[in-house]
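Visitor:
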Amino acid sequence: MRTGPYLPGTPDVESYEPLLRRQTALLAFVIAFTLLVSTGLALDVYFGY
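Numbering-wise (my numbering), the sequence shown opens with residue -10 and increments by one.
(1) Using the three-state DSSP reduction, which class does G29 fall into: helix, strand or coil?
(2) In angstroms, rounded to a whole number, what distance separates the CA positions of E55 and L25?
(3) Measure the C-alpha to C-alpha separation of T13 and I20 and round it to an integer number of angstroms.
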């Protein structure tokens, strides 16, 4: 076990990683949802529904 400046920094990295993953997943979901809605609206306008 190494004692030094690296030890206090490790929990921060571990706590930041799931938050970053959740943020990127949420961002991807929002982008996919907006793309789906926009394509649905475009198809509705195109087909005249």
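Built from N, CA and C at the ideal position, the CB exists for glycine as well.
Guide: Short version:
(1) In the sequence shown, counting from the first residue as 1, residue 29 sits at position 40. DSSP places G29 in helix when its eight states are reduced to three.
(2) Outside the shown range of the chain (-10 to 38) lies residue 55, about which nothing can therefore be said.
(3) Walking along the sequence shown from the start, residue 13 turns up at place 24. Walking along the sequence shown from the start, residue 20 turns up at place 31. Approximately 10 Å, taken between the alpha carbons.
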